[in-house]
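Below: one structure, written as structure tokens.
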């Protein structure tokens, strides 16, 4: 148990579908992150939220839409994805922006786009 | 952002001590060094963080020489369950960069054999 829970663990969707990934943290943290991990590539930071405000969008295509309704929940809304978007999507949290606070990761959602 | 260089892979046997070295020649004065561990289909897990000299916790030790251009993660008496990818990260704390924005790289795949 990492304190960061992601659902679903696995998701298969067609290119015309709309789906959402959910992340919830029970650690009292104020910063939350979405990462993408593709096979044979380093982790890529996608979005950062600090106190519910988006502070980073790392040139992510608009078919990925994040939502952070409060400091404990983070969503990633997906629509009209491409097969190359298949990857492990990881959510993380930290106390707040600042390196003295380590990241705590969830176990990810394995997404397959057909 | 300071990038890091690590060996792509390492092999060891159960009960041995493993040392993974990370090069970070462009490390800045305010940068800390952080190590993460990742098992397949799981999110990375924080192991240890340090600034200089030596840091030790219940899991590992981190050795940082005076010039801070490299660091060594030491895992005492590894077991099969230590087989994982290990990431070295370097980043700035004073200028407000988040740990989440740091470069993970490809990490080092450690395989422990019986």
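Residue numbers (the numbering used here), protein chains in the order written: chain Y, 5 to 118; chain V, 54 to 167. For every residue, glycine included, the Cβ atom is placed at its ideal position computed from N, Cα and C. This one's a predicted model, so the numbers in the text were calculated from it and none came from an experiment.
Of the residues the options, which one's Cα is nearest the Cα of residue i?
| i | options | result |
| --- | --- | --- |
| residue 122/V | 136/V, 109/V, 133/V and 142/V | 142/V |
| residue 134/V | 112/V, 119/V, 115/V and 165/V | 165/V |
| residue 87/V | 114/V, 129/V, 63/V and 120/V | 114/V |
| residue 82/Y | 26/Y, 13/Y and 9/Y | 26/Y |
| residue 132/V | 60/V, 65/V and 58/V | 65/V |
| residue 58/Y | 95/Y, 9/Y and 37/Y | 37/Y |
| residue 99/V | 60/V, 137/V, 62/V and 58/V | 137/V |
| residue 83/V | 71/V, 139/V and 105/V | 105/V |
| residue 124/V | 97/V, 61/V and 80/V | 80/V |
| residue 95/Y | 96/V, 130/V and 103/V | 96/V |
Tell me the rounded alpha-carbon separation between residue i and residue j.
| i | j | result |
| --- | --- | --- |
| residue 24/Y | residue 157/V | 25 Å |
| residue 126/V | residue 73/V | 5 Å |
| residue 68/V | residue 163/V | 14 Å |
| residue 111/V | residue 94/V | 24 Å |
| residue 107/Y | residue 56/V | 18 Å |
| residue 107/V | residue 120/V | 13 Å |
| residue 77/Y | residue 100/Y | 15 Å |
| residue 144/V | residue 14/Y | 32 Å |
| residue 101/V | residue 109/V | 8 Å |
| residue 161/V | residue 90/V | 9 Å |
| residue 147/V | residue 116/V | With a pLDDT of 46 at residue 147/V, under the threshold of 50, the modelled position of this residue cannot be trusted; read the value that follows with caution. Cα to Cα, residue 147/V sits roughly 22 Å from residue 116/V. |
| residue 128/V | residue 11/Y | 32 Å |
| residue 51/Y | residue 8/Y | 16 Å |
| residue 167/V | residue 62/V | 17 Å |
| residue 42/Y | residue 103/V | 29 Å |
| residue 28/Y | residue 139/V | 25 Å |
| residue 76/V | residue 66/Y | 36 Å |
| residue 78/V | residue 21/Y | 46 Å |
| residue 144/Y | residue 68/Y | What the structure shows of chain Y is the stretch from 5 to 118, and residue 144/Y is not part of that stretch, so it cannot be assessed. |
| residue 109/Y | residue 58/V | 23 Å |
Verify whether the separation of the beta carbon atoms of residue i and residue j is less than 8 Å.
| i | j | result |
| --- | --- | --- |
| residue 74/Y | residue 54/Y | no |
| residue 85/Y | residue 19/Y | yes |
| residue 98/Y | residue 115/Y | no |
| residue 40/Y | residue 93/Y | yes |
| residue 47/Y | residue 60/Y | no |
| residue 16/Y | residue 113/Y | no |
Checking contacts by CB at 8 Å: is residue i closer than that to chain B?
| i | result |
| --- | --- |
| residue 159/V | No chain B is present in this structure, whose protein chains are Y and V. |
What are the residues in the region 97–110 of chain V lying within 8 Å of chain Y by C-beta distance?
Under the 8 Å Cβ criterion, the region 97–110 of chain V contributes 97, 98, 99 and 102.
Using a Cβ cut-off of 7 Å, which residues of the region 42–58 of chain Y contact any Cβ in chain V, in chain order?
46, 47, 49 and 52: these are the residues of the region 42–58 of chain Y whose beta carbon lies less than 7 Å from some beta carbon of chain V, given in chain order.
Length-filtered (3 minimum) beta strand (DSSP E) runs lying within the region 84–164 of chain V
With a minimum length of 3 residues, the continuous beta strand (DSSP E) runs that stay inside the region 84–164 of chain V are 84–91, 98–103, 106–109, 114–117, 123–128 and 137–145.
Considering only residues of the region 23–67 of chain Y, which uninterrupted alpha helix (DSSP H) runs meet the minimum length of 4 residues and lie entirely inside it, listed in chain order?
Those alpha helix (DSSP H) runs which fall completely within the region 23–67 of chain Y and span 4+ residues do not exist here.
Got a sec: which bits of the region 109–127 of chain V sit with their beta carbon under 8 Å from any beta carbon on chain Y, in order along the chain?
From the region 109–127 of chain V, no residue has a Cβ closer than 8 Å to chain Y.
What are the residues in the region 58–88 of chain V lying within 8 Å of chain Y by C-beta distance?
Of all residues in the region 58–88 of chain V, only 85 and 87 place a beta-carbon less than 8 Å from a beta-carbon of chain Y.
In chain order, which beta strand (DSSP E) runs of at least 3 residues are fully inside the region 55–79 of chain V?
Whole beta strand (DSSP E) segments, 3+ residues: 62–66 and 71–76.
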